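Read through the structure below, which is laid out as structure tokens, and then see the notes.
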Amino acid sequence: MTGKVGVVVFPGSNCDMDAYQAFGSVLNQKVEFLWHKERNLDGVDVVVLPGGFSYGDYLRAGAIARFSPIMTEVVKFAENGGLVMGICNGFQVLVEAGLLPGALLRNAGLKFACKQVYLRTETVATPFTSALKKGEVLKVPIAHSEGNYYADDDTLKSLQDNDQIAFRYSTAGGEITQDSNPNGSILNIAGIVNVKRNVLGMMPHPERASERILGSASGVMVLKSVVESLN
Amino acid sequence: MFKARIEVTLKKKILDPQGKAIESSLRNLSFTKLGNVRTGKNIDISVDESDVQRAAGLVQSACTKLLANPVTEEYEFELFDEAGSSVAKFSSQQAGIPKTGGR
């Protein structure tokens, strides 16, 4: 069985093709692009908000995209339990839209961080990580300047209490260290899910690590989890 | 018609890496007496509204909805009449409705 993946295209999205390719060619799913002005998600099983620089990152990354017409539908879709996955800029859009808690600040080093990082899988009790093992380390690229995850103490506590932290930046061996944190994110957080566990946001790009020719295929397991949970 | 000048800054407890970079550059230039640099952004908007209270309400609602992120930022704004005189001030840190009047 195949599901239908809808990849939202905002003006300035630039990882929409990567997501299309990874779900379509690598995992043989039906994929369609959803222009941000559309209001129709009929037949879509998973919504992907891809990476890029929607609206040039003006004002704050994701701040303007969250008011795109399609986002009203994405919020409803998520509230009805639909799977929504925000990668990089998509994560920024999800926190701005209030679908995920916290915020993404400028990287602590002020630099655009573009490199391979290691992620430790913190929970497998989500539709986005179910094909992984707890503690499994993935090698996945990052490419962002605003990926410094921030949440106040109460929010952090509830993220931990509810097992909402999906991935943390780690060493290749799975150790959580300051050196393995590329952007200053609090607790090395790289990705989180909402309380209902049907919305994932992550700064690293699993879709860009979906085939060995790309340098790593370990990210595909994130997408594979999504596909398997549709069946 | 009013003009609004809005300032959006990071909350005090949030690290401002841009401010830190500027601060270290100032230190390198021997401005030893300057410190605690915080950056922010400035947004100017004209408000097509004749009542100052309503104008302030509109600007405040734009700030909470779009212009500032309540998780990480605070904002303040000032309204000016057509003669350029300040007629209202508001800060997100003070509760309640915008203060109007002044001069």
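Respectively, the protein sequence lines represent chains A and B.
Quick note on numbering: this note's numbering labels position 62 of the first sequence as 62, and the sequence is numbered without any gaps.
Counting the second sequence from 1 gives a position; this note's numbering is that position plus 1000.
Every residue, glycine too, gets a C-beta built ideally from N, C-alpha and C.
Being a predicted model, the structure only gives us computed values, none of them experimental.
How big is the Cα-Cα spacing for A172 of chain A and A1056 of chain B?
The straight-line gap from Cα to Cα measures roughly 53 angstroms.
Please list, in chain order, all residues of the same chain as F53 of chain A whose beta carbon is under 6 angstroms from its beta carbon, the five residues on each side excluded.
The answer, listed in chain order, is G12.
For T123 of chain A, which beta-bridge partners are listed by DSSP?
In the DSSP assignment, T123 of chain A forms no beta bridge with any residue.
Cβ-based contacts, 7 angstroms cut-off: residues of the segment 1068-1092 of chain B near chain A
Those would be N1069, V1071 and T1072, in chain order.
What distance in whole Å lies between the Cβ atoms of A63 of chain A and L1066 of chain B, which are believed to be in contact at a cut-off of 8 angstroms?
Correct: roughly 7 angstroms between the Cβ atoms.
Chain-ordered chain B contacts of Y150 of chain A [CB-CB under 8 angstroms]
In chain order: I1014, V1071 and T1072.
Just the C-alpha distance for L159 of chain A and N198 of chain A, rounded to the nearest angstrom, thanks.
When the Cα atoms are used, L159 of chain A and N198 of chain A turn out to be separated by approximately 14 angstroms.
Return yes when at least one heavy atom of the ligand NAP lies under 7 angstroms from the C-beta of N14 of chain A, else no.
For the structure depicted, the ligand NAP is absent and the ligand set is empty, with no information on it obtainable.
Quick check on A1056 of chain B - is its C-beta less than 8 angstroms from some C-beta in chain A?
So no, A1056 of chain B is outside the interface.
Whose C-alpha, out of A:L49, A:L99, A:K4 and A:R120, is nearest the C-alpha of I87 of chain A?
Among A:L49, A:L99, A:K4 and A:R120, the Cα nearest to that of I87 of chain A belongs to A:L49.
Taking Cβ positions, are G109 of chain A and T121 of chain A nearer each other than 8 angstroms?
Against a cut-off of 8 angstroms, the Cβ pair of T121 of chain A and G109 of chain A comes out as no contact.
Using the three-state DSSP reduction, which class does I1022 of chain B fall into: helix, strand or coil?
In this structure, I1022 of chain B counts as helix in the three-state DSSP scheme.
I want to see whether chain A comes within less than 8 angstroms of Q1060 of chain B, judged by CB atoms only; does it?
With 8 angstroms as the cut-off, Q1060 of chain B does not count as an interface residue toward chain A.
Take K133 of chain A as the anchor and find which of A:E211, A:K157 and A:A166 has the nearest alpha-carbon.
For K133 of chain A, the nearest C-alpha among the options comes from A:A166.
Against chain A, does L1026 of chain B count as a neighbour if the rule is that its beta carbon must be under 8 angstroms from one of theirs?
Taking Cβ atoms only, chain A never reaches closer than 8 angstroms to L1026 of chain B, which makes this a no.
Own chain residues within Cβ distance below 6 angstroms of V9 of chain A, not counting five before or after:
Hits under 6 angstroms: D16, F33 and W35.
Is A1004 of chain B close to chain A? Criterion is C-beta to C-beta, closer than 8 angstroms.
Chain A places no beta carbon closer than 8 angstroms to that of A1004 of chain B, leaving this residue out of the contacts.
Tell me the rounded alpha-carbon separation between N181 of chain A and E211 of chain A.
CA-CA distance, N181 of chain A to E211 of chain A, rounds to 25 angstroms.
At the level of alpha carbons, what is the spacing between S1091 of chain B and E1076 of chain B?
In a straight line, the C-alpha of S1091 of chain B is about 4 angstroms away from that of E1076 of chain B.
Residues that T1009 of chain B bridges to, as DSSP identifies them
Under DSSP, T1009 of chain B forms a beta bridge with B:G1040 and B:E1074.
Considering only C-alpha positions, which residue in the set B:D1081, B:N1069 and B:G1084 is nearest to F1007 of chain B?
The question names Phe, but residue 1007 of chain B is Glu in the sequence shown. Among B:D1081, B:N1069 and B:G1084, the Cα nearest to that of E1007 of chain B belongs to B:N1069.
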